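**Student:** Each position in the sequence shown, counted from 1, maps to that position plus 32 in the working numbering.
Ideal placement from N, C-alpha and C gives every residue a C-beta, glycine not left out.
Everything numeric in this text was worked out from a predicted model, so none of it was measured.
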Amino acid sequence: MKLPNITSSIFAVMSKMANDYGAINLSQGFPDFNCSEELINLFHKYSLGGFNQYAPMAGVPTLREMISDKTYELYSKRYNPENEITITSGATEALFTAITSVVSPGDEVIIFEPAYDSYVPVVQINGGKPVFIPLDKKDFSIDWKRVKESLTSKTKLIIINSPHNPTGSVISIDDLHKFEDIVRDKELFIISDEVYEHIIFDGIKHVSISESEELSQKSFVISSFGKTFHTTGWKVGYCSAPERLTKEFRKVHQFVVFAVNTPAQYAFSEYMKDKEHYTNLNAFYQNKRDLLLNALSGSRFKFTPARGTYFQLIDYSDISELDDMAFTEYLTKEVQVATIPLSPFYSGVNDEKLIRICFAKKDEVLIKAAKMIAAGDI
Ligand SMILES: Cc1ncc(COP(=O)(O)O)c(C=O)c1O
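In structure tokens, the structure reads:
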């Protein structure tokens, strides 16, 4: 067996508990509102128009061209749509495929904790060894000195995620420069999980690994239309990587899914022509974050506003001695709002008294739930 220690995910556990107790579910990371009608109509148009058979293995060419243009415009990096961009079945498949295409038994993979839950199992499926580096306790930034010290001759891959799930932290240009200094002349790869690239707040600009010519040469940069266009159920994402990496990536991709949903790809490529469909997302989610934080601001819950993603961490250490599992259980059963404890995002034992709230919810749901949580401050 490849994954003997994997059990039900915390998301499944908390969602079941939310259901059982009739709680508002702020645990799972997806919107409770619909995607745009225009996008649905485009999907319909292409499906009715007969675009229902296998797409090309690498993805629909017009969509790859749109991605290439967007990436160039935002990050000044031109990926060739022909041989450097691949459409995937969500970022999840892109992560699986990228890790599988470079990690072999015995290879070490640096993962920052807390971490999104799909990295470690895929490293393990491939016989790799996760090497965990904790993010800074205060602001969840990366300790580059520690990264440098953790590199060995076996380090094959570093996985970075910004904006970061679950903490909402983001990397800066300064991080990019430190990263460059550390991996210069090293034979290793980078996966940059940038699925929340269009959800970043307070005027901060997303820093993509693709902005560094040096780092991009070693990197698989991954994004997701699910996050950007409120379509997590369509499962479409993409991976941009230099030709030599894309070649290896596609060898695996063709045997994992071969190709990705055809009408969705055509729909996205047309929808993306209006840039506001993704440039407006920051303001849209910042407003939701602020609704949540305003409602919590009179309580003893403490927080630093998330800088990106649609997740907000809150600290309940002034309120309860319970560990985070027990506290989320209490919130679900007694307050009737389900959230996620932070500790399952760590490989070891952790009790920072932090919980994660997903604010990709309708305004009225968010305000109601936040007021209930604030009232749970007893
Ligand atoms: C950090 C991160 N990476 C990847 C994914 C997976 O994205 P997708 O739904 O496109 O597979 C998620 C989804 O929650 C995520 O939070």
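Quick one: grab the DSSP three-state call for C386.
**Tutor:** Note on identity: in this sequence residue 386 is Leu, with Cys being the wrong assignment. Three-state result, L386: strand.
**Student:** Give me whichever residues DSSP pairs with C67 in a beta bridge.
**Tutor:** C67 pairs with nothing; no bridge assigned.
**Student:** Which parts of the region 238–262 are runs of the alpha helix (DSSP H), unbroken and 4 residues or longer, counting only runs that do not cross its ends?
**Tutor:** Taking only runs of at least 4 residues, the alpha helix (DSSP H) segments lying wholly in the region 238–262 are 245–248, 257–260.
**Student:** Given this structure, state the Cα-to-Cα distance separating S352 from V367, to the nearest angstrom.
**Tutor:** Taking the straight line from one Cα to the other gives about 14 Å.
**Student:** Within the same chain, show all residues whose beta-carbon is closer than 7 Å to that of E97, passing over the 5 residues directly before and after it, in chain order.
**Tutor:** Cβ within range, chain order: P113.
**Student:** What are the residues that DSSP puts in a beta bridge with V369?
**Tutor:** Per DSSP, I56.
**Student:** Can you give me the C-alpha to C-alpha distance between A299 and S121, rounded to a whole angstrom?
**Tutor:** Distance between the alpha carbons of A299 and S121 is about 15 Å.
**Student:** Between the Cα of G380 and those of K250, S240, I165, S185, spot the shortest distance and give me the residue it belongs to.
**Tutor:** Per the Cα distances, I165.
**Student:** Check for me: the alpha helix (DSSP H) holding Y342 runs from which residue to which?
**Tutor:** First-last for Y342: undefined, no H or E at that position.
**Student:** Using 8 Å as the cut-off, classify the Cβ of F257 as near or not near the heavy atoms of ligand 1, replying yes or no.
**Tutor:** Yes, since a heavy atom of ligand 1 falls inside the 8 Å radius drawn around the Cβ of F257.
**Student:** Can you list the alpha helix (DSSP H) stretches of 4 or more residues lying completely in the region 174–247, in chain order?
**Tutor:** Fully enclosed alpha helix (DSSP H) runs of 4 or longer: 176–182, 205–215.
**Student:** Using a threshold of 9 Å, state whether the C-beta atoms of I192 and I232 are closer than that.
**Tutor:** Their beta carbons are not under 9 Å apart, which means I192 does not touch I232 by this criterion.
**Student:** Would the region 240–251 count as touching the region 281–290 if we require 3 or more Cβ pairs under 8 Å?
**Tutor:** The region 240–251, when compared against the region 281–290, does not touch it at the 8 Å Cβ threshold.
**Student:** Return the CA-CA distance between D225 and S255, expressed in angstroms with no decimal places.
**Tutor:** When rounded, the distance between both Cα atoms is 7 Å.
**Student:** Indicate whether Y148 and P162 have their beta-carbon atoms separated by less than 9 Å.
**Tutor:** Their beta carbons are not under 9 Å apart, which means Y148 does not touch P162 by this criterion.
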